[in-house]
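S.K.: Got a structure for you, written out below as structure tokens; questions coming shortly.
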Amino acid sequence: MSEVDRSGCGRQSENAKPGGIMQLIGLLLIAIGPGILLAIYVWRRDILRPEPWIALHLTFWCGVVIGVVLVSFWSLAGPGLRAFPILSGPVTQAFLLAGLLEEGAKYAALRFLIVRLRDFDELSDGPVYGAVLAAGFATLENLFFVLPGGLDLGFARAALSIPLHVGCGALSGAWVARAHFGLSGSSKAMVYGLLAASLFHGVFNLAVSLDFPRFVPLAFMVLVALAFLVLGLVHSARRADQVRGAAREARPGKIFIFEMGLALSFIGIGAGLQFYQWNRTGTEWILPMLLTVAGLLALAASTRKGSGFDRMQ
0 MSEVDRSGCG
10 RQSENAKPGG
20 IMQLIGLLLI
30 AIGPGILLAI
40 YVWRRDILRP
50 EPWIALHLTF
60 WCGVVIGVVL
70 VSFWSLAGPG
80 LRAFPILSGP
90 VTQAFLLAGL
100 LEEGAKYAAL
110 RFLIVRLRDF
120 DELSDGPVYG
130 AVLAAGFATL
140 ENLFFVLPGG
150 LDLGFARAAL
160 SIPLHVGCGA
170 LSGAWVARAH
180 FGLSGSSKAM
190 VYGLLAASLF
200 HGVFNLAVSL
210 DFPRFVPLAF
220 MVLVALAFLV
230 LGLVHSARRA
240 DQVRGAAREA
250 RPGKIFIFEM
260 GLALSFIGIG
270 AGLQFYQWNR
280 TGTEWILPML
290 LTVAGLLALA
300 ASTRKGSGFD
310 RMQ
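Here's what the structure looks like:
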């Protein structure tokens, strides 16, 4: 279904089965602890106008419900979907069956449910609610993989998969908030967050499924680039909230494209260096080349005066 569990680290071992009540408690803690701690961290970082705990609590459980639905879907339909050759490849599974499907479900919940909360009243609320929703989803998903997979898988997912989900949720939430408050000049801006989150999710999935744990550095590069992008959007949203009626000064559309370009270039160049170090050849170079070119094009577009991105206010 998701990231690290598809890799070699996700294979069960003989010592993965709980041998006693203390080991079971340890597995439960490492399964549910990271998501809850990250949700609390996001809540504590919302220092300007902290969201009510009850609203975030409901959002977290909404994410859990989404996780139940998707885990059930994968259990029932997953084997049948993988029977189709076009859906069985690692690229398709990483970007479509995992990235787009999971991020699409979280995006839909944000767009049509969470924004209806009375306390969702600022641009900066988007990343907060998006991150907490994703933390709930990741916590539920974690239970299904860590309990049978063991502590090693639990620690790997705590360091990689859980932060990925939370970051992608914050990224989607930032753009859901822009669409909700009518600050996007084009309807296309409504799906920017979904596409960006799906892209990061897909690249991460593909990285850890290719040759885990050798591609862990590339996975961390994805997380660093994602964190950089999310922090930029959060800063932009807070400035727009503080300067009421002057949201144009934050220029969130242009900032997003610029930082997206930097993030993609960072991942592409990092992947290329790693491939070069391991003497990779042939078609394996296509992905880092495409990421680097896409990043450079985004950087060029963000610097053009009078571009469509300038008008996304």
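In numbering that gives the first Met the number 0, the protein residues as written are 0 to 312. All C-beta atoms in this analysis are idealised placements derived from N, C-alpha and C, irrespective of residue type, glycine included.
(1) Which residue wins for smallest C-alpha separation from E140, given the options G34, S208, G19 and Q22?
(2) Measure the C-alpha to C-alpha separation of L209 and L80 and round it to an integer number of angstroms.
(3) What's the C-alpha gap between R156 and V145?
(4) Once the 5 residues before and after A30 are set aside, which same chain residues still bring their CB inside 7 Å of it?
(5) Decide if P89 is buried, meaning its Cβ has at least 16 other Cβ atoms within 10 Å, or exposed.
(6) Reducing DSSP to helix, strand and coil, say where A246 ends up.
(7) Reducing DSSP to helix, strand and coil, say where F214 ends up.
(8) For V64, is the classification buried or exposed, using 16 other Cβ atoms within 10 angstroms of its Cβ as the cut-off for buried?
(9) What's the call for A236, buried or exposed, on a 16-neighbour Cβ count within 10 Å?
(10) In or out: S74 buried (at least 16 other Cβ within 10 Å) or exposed?
(11) Counting only the same chain and skipping the five closest in sequence on each side, list residues whose C-beta sits under 6 Å from that of A249.
(12) Tell me the rounded alpha-carbon separation between I39 and G32.
(13) Return the first residue and the last residue of the alpha helix (DSSP H) that L109 is part of.
(14) Could you give the residue range of the alpha helix (DSSP H) that holds A195?
(15) Alpha carbon to alpha carbon, how far is P84 from W52? Give it in angstroms, no decimals.
(16) So, are the CB atoms of D176 and V114 less than 9 Å apart?
(17) What does the alpha-carbon distance come out to for the pair L222 and V202?
(18) Rounded C-beta distance between A93 and G125? I'm assuming under 8 Å.
(19) Is it true that the CB of L99 sits closer than 9 Å to the CB of S171?
(20) Suppose the cutoff is 7 Å on Cβ atoms and the five residues either side in sequence are ignored; what does the same chain contact list for F180 look like?
(21) Are there 16 or more other CB atoms within 10 angstroms of the CB of R110, so buried, or fewer, so exposed?
(22) Does the Cβ-Cβ distance between H200 and L228 come in under 9 Å?
(23) Quick one: what's got a C-beta closer than 7 Å to A133's C-beta in the same chain, skipping five residues either side?
(24) When you compare each of A293, Q22, A226 and L27 to T138 by their alpha carbons, which one comes out closest?
M.R.: Reading it off the structure:
(1) Residue mapping note: residue 140 aligns to position 141 of the sequence shown, counting from 1. Residue G34 is the option with its Cα nearest to E140.
(2) One-based indexing of the sequence shown puts residue 209 at position 210. One-based indexing of the sequence shown puts residue 80 at position 81. The straight-line gap from Cα to Cα measures roughly 20 Å.
(3) By one-based count along the sequence shown, residue 156 stands at place 157. By one-based count along the sequence shown, residue 145 stands at place 146. Between R156 and V145, the C-alpha separation is close to 8 Å.
(4) Reading the sequence shown from its first residue, position 31 is the one you call residue 30. For A30, where only same-chain residues beyond five positions count, the Cβ hits under 7 Å are N141, L142, V145, L146 and G153.
(5) What you label residue 89 is simply residue 90 of the sequence shown in a count that begins at 1. Per the 10 Å Cβ criterion, exposed.
(6) On the sequence shown, position 247 is the one that residue 246 refers to. With a pLDDT of only 40 at A246, under 50, the local geometry of the prediction cannot be trusted, and the value read off the model is given with reservation. Reduced to three states, the DSSP call for A246 is helix.
(7) Here the question's residue 214 lines up with position 215 in the sequence shown. Reduced to three states, the DSSP call for F214 is coil.
(8) Counted from its first residue, the sequence shown places residue 64 at position 65. Exposed: under 16 other Cβ atoms inside 10 Å.
(9) For the purposes of this step, residue 236 is taken as the residue at position 237 of the sequence shown. A236 is buried by the Cβ-count criterion.
(10) Taking the sequence shown and counting its residues from 1, the one referred to as residue 74 is at position 75. Burial call: exposed.
(11) Position 250 of the sequence shown, counted from the first residue, corresponds to residue 249. For A249, the pLDDT reaches just 42, beneath the cut-off of 50, and the residue's location in the model is therefore unreliable, although a value from the coordinates is still provided. The residues are S235, R238 and A239.
(12) Within the sequence shown, the letter at position 40 stands for residue 39. Within the sequence shown, the letter at position 33 stands for residue 32. Those two C-alpha atoms are separated by around 11 Å.
(13) Taking the sequence shown and counting its residues from 1, the one referred to as residue 109 is at position 110. Per DSSP, L109 belongs to the alpha helix (DSSP H) from L100 to F111.
(14) Taking the first residue of the sequence shown as 1, we reach residue 195 at position 196. Unbroken alpha helix (DSSP H) run through A195: Y191 to L209.
(15) Numbered from 1 along the sequence shown, position 53 holds the residue referred to as residue 52. Numbered from 1 along the sequence shown, position 85 holds the residue referred to as residue 84. So the alpha carbons of these two residues sit roughly 46 Å apart.
(16) For the purposes of this step, residue 176 is taken as the residue at position 177 of the sequence shown. For the purposes of this step, residue 114 is taken as the residue at position 115 of the sequence shown. At residue 176 the sequence reads Ala, which differs from the Asp that was named. Their beta carbons are under 9 Å apart, which means A176 touches V114 by this criterion.
(17) Residue mapping note: residue 222 aligns to position 223 of the sequence shown, counting from 1. Residue mapping note: residue 202 aligns to position 203 of the sequence shown, counting from 1. Answer to the nearest angstrom: the Cα atoms are 10 Å apart.
(18) By 1-based counting over the sequence shown, the position of residue 93 is 94. By 1-based counting over the sequence shown, the position of residue 125 is 126. Their Cβ separation, rounded to whole angstroms, is 26 Å, which puts A93 and G125 out of contact at 8 Å.
(19) Here residue 171 refers to the residue found at position 172 when the sequence shown is read from its first residue. Here residue 99 refers to the residue found at position 100 when the sequence shown is read from its first residue. It is not a contact, given that the beta carbons lie outside the stated cut-off.
(20) Sequence index remark: in the sequence shown, residue 180 carries index 181 (1-based). Only L122 meet the Cβ criterion.
(21) What you label residue 110 is simply residue 111 of the sequence shown in a count that begins at 1. With 16 or more other Cβ atoms within 10 Å, it is buried.
(22) Reading the sequence shown from its first residue, position 201 is the one you call residue 200. Reading the sequence shown from its first residue, position 229 is the one you call residue 228. No, they are not a contact pair.
(23) Position 134 of the sequence shown, counted from the first residue, corresponds to residue 133. Within the same chain, A133 has close Cβ partners G62, K105, H164, V165, C167 and G168.
(24) As a position in the sequence shown, residue 138 is number 139, starting the count at 1. Ranking A293, Q22, A226 and L27 by Cα distance to T138 puts L27 first.
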